[in-house]
Each structure stands twice: as structure tokens, then as C-alpha cells.
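First comes the structure, then the notes that go with it.
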Ligand code: GDP
């Protein structure tokens, strides 16, 4: 994961090692290393430009400190470390989100989480992973099979539910909006406090899908609308997320398959391009492979 980026940042750090001061001239080759690796990692062009601009401004303008605390003592750091610190701060800045990963409804109202996204993005698997994660935090989730489009999606969710011993609500032949609305009463009856709606995906964004999702959002008053995005499809994923955000007002993104993506550009661009922050990341096919997204940790991984 992030090999392309890590290589670029390392090359830049090596270039600056041993310098005593930073200026426009000696900074340029390092910025070029980073620029190339960001583009190669499929980070959106405008995002790359703004990122480099901000890094340059903070190291040349010396808004980045040249002292750090280590073991209670202040030590001076050189240009290479200052540059990396500026990159770290900017990476965190572009990925961070305001507010918690999950918005909870006021009890006794169950918390609603709508999972949306294209077919194959990992939506159904992620619904199961999220249910498992929430249960491990003491919640009582209910999974709702509202993907009536993809053959096998309902069965897949039921199998996941069985493996996790988490109830799954479905209505054979039902309309997605009705299934989701009725699931709320069902959750109350079963005393479940979180409802995860696994909605239908399509191969591309289309109008009937968007109308259906809007109706589900309105009728269920879901507190969270998460788009599940496949990191491996890079900038296309970012474009699709922008279209979903515009129509649905996403509260966050779950980025899947980061384990299989050596580039990681989508994770870096998506908040800045769409306005929707990454809240969780999928790091493998296993049901325990979902983590709350931590920009600081991700930035450190990228910097290597
Ligand atoms: P849906 O059509 O969006 O509901 O997609 P599925 O949940 O059926 O997932 C599609 C494929 O992606 C399955 O083979 C999943 O096991 C796989 N998948 C989902 N999340 C991840 C992840 O974080 N990492 C990896 N490597 N595979 C994943």
C-alpha cells in the first residue's frame, strides 16, 4: 500500500538531506519527486498542485518549526525533516474530517446507516464488517437487505448475518423503500439500536438508482450515508463519489480494497475533490478487516 508515494517522499527527503537551509531553488527537485509520485499514485491534478503549493509555502515561509520535542528536550531539525513535517501536516489536513466516524441517533431511536455505492465496490461485505465492528463496541446492529438488483446480494447478506450471528431483515419481492422503512419497526421489536441498510448498486451512476436512494434516505431519515468506494479504481472512484455526494449528501466514505492498491490516490483526493471525508477503510476480504480511518496514521504510512 502506498509504495509509489513512499518512494517519492523518500527520494525528496534524500535530496534535502545535509542541506543547511531551504530556498526556492534547492526545494524544486524535491517538490518534483513528490509531484511525480502523487500523479503516478493517481491523485487528482488540482489536489497535487494545491498540496505542493501549501508545502512550499510552509517550509520557505518557515511556518514549520525547526525544533521538535524528543524525550522532554527540544532538538533542532534540519531542512529534510522540516520538509517531511510539512508534508505530514498537509497530508493530514487534506484527509481529515470534522466530527465522529459515526453519527448516533438519540435513544430510543435506532441509528440509521445507509450504505451506497457501485456494484462490486464491496458494499455488502462492508455492511457485514461494519455490523461486526459495531457489535464489538457494544451495539446491537440489524442488517437490512435492500439490494434487490444484484442477484445473490440478499443471500450474501444473510450468509454474512449467520456467520456473525447478527439478524438480517428482508422482504422477498419487496420494494427497497418499503423494506428499509419497515426495517425500523422490526429493529424496535428486536431491540436493535443500529440499522445498516445495504442498498442496491449499479455498474454506473443512473437516475432510477439515485431516485431510489433519495427516497430511502428521506423515508428512513438515516443519520449516516456512507458511500463504499473501491480504492483500486482511483480517480474514477473520486468522480463517482462526487456524483453521489451531490445527489445524496454523503456523510462519509468507506474506502475498500486499500490493501490491494499500491497507489492510494483516491484516499488522498476524495475529501478535497468531493467534500466527503473518509470515515472507514477496508483492508482485506476478512470480516475483521475494517478500521476507523485515522489520517495521522495514514500520513505516516505514506511517508514511510
Ligand atoms: P458489492 O457488489 O458492492 O456488494 O460488493 P461485495 O461486497 O460483493 O464485494 C465485492 C468483492 O470485493 C468481494 O470479493 C469482496 O470480498 C471484496 N472486498 C470487499 N472489501 C474488500 C477489501 O477491503 N479488500 C479486499 N481485498 N477485497 C474486498
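Residue numbers (our numbering): 308 to 611. Cβ atoms here follow ideal geometry from the backbone N, Cα and C, with glycine treated the same way. Quick caveat: nothing in here was measured; it's all calculated off a predicted structure.
Asked                                                                                                                                                       : Found
From the DSSP output, in three-state form, read off residue 517 for me.                                                                                     : helix
For the beta strand (DSSP E) containing residue 575, name the first residue and the last one.                                                               : Run containing residue 575: none in the beta strand (DSSP E); it sits in the alpha helix (DSSP H), 572–581.
Nearer than 6 Å: is that true of the beta carbon of residue 465 relative to any heavy atom of the ligand GDP?                                               : no
Using the Cα positions of residue 583 and residue 552, report the straight-line distance between them to the nearest angstrom.                              : 7 Å
If we call anything under 7 Å between Cβ atoms a contact, is residue 597 one with residue 436?                                                              : yes
Is residue 431 near the ligand GDP, judged by its Cβ being under 6 Å from some heavy atom?                                                                  : yes
From the DSSP output, which residues share a beta bridge with residue 479?                                                                                  : According to DSSP, which records beta bridges pairwise, residue 479 is partnered with nothing at all.
Can you check which of these residues, 557, 497, 501, 449, is closest to residue 423 by C-alpha distance?                                                   : 557
In the DSSP assignment, what are the bridge partners of residue 561?                                                                                        : 535, 587
Rounded to whole angstroms, what's the CA-CA distance from residue 355 to residue 318? Just pull it up for me.                                              : 17 Å
Which term fits residue 311, buried or exposed, when burial requires 16 or more other beta carbons within 10 angstroms of its beta carbon?                  : buried
Measuring only the C-alpha atoms, how far is residue 398 from residue 366?                                                                                  : 15 Å
Measuring only from the beta carbon, is residue 567 closer than 6 Å to any heavy atom that is part of the ligand GDP?                                       : yes
With a Cβ-Cβ cutoff of 7 Å, do residue 348 and residue 571 count as a contact?                                                                              : yes
By the 10 Å Cβ neighbour count, where 16 or more other Cβ atoms means buried, how is residue 511 classified, buried or exposed?                             : exposed
Between residue 508 and the ligand GDP, is the CB less than 6 Å from at least one heavy atom?                                                               : yes
Can you give me the Cβ contacts of residue 343 inside the same chain, cut-off strictly under 8 Å, excluding the 5 residues immediately before and after it? : 315
Looking at residue 434 and residue 503, is the spacing between their C-beta atoms short of 7 Å?                                                             : yes
Once the 5 residues before and after residue 386 are set aside, which same chain residues still bring their CB inside 6 Å of it?                            : 323, 326, 329
Between the alpha carbons of residue 361 and residue 336, how many angstroms are there, rounded?                                                            : 16 Å
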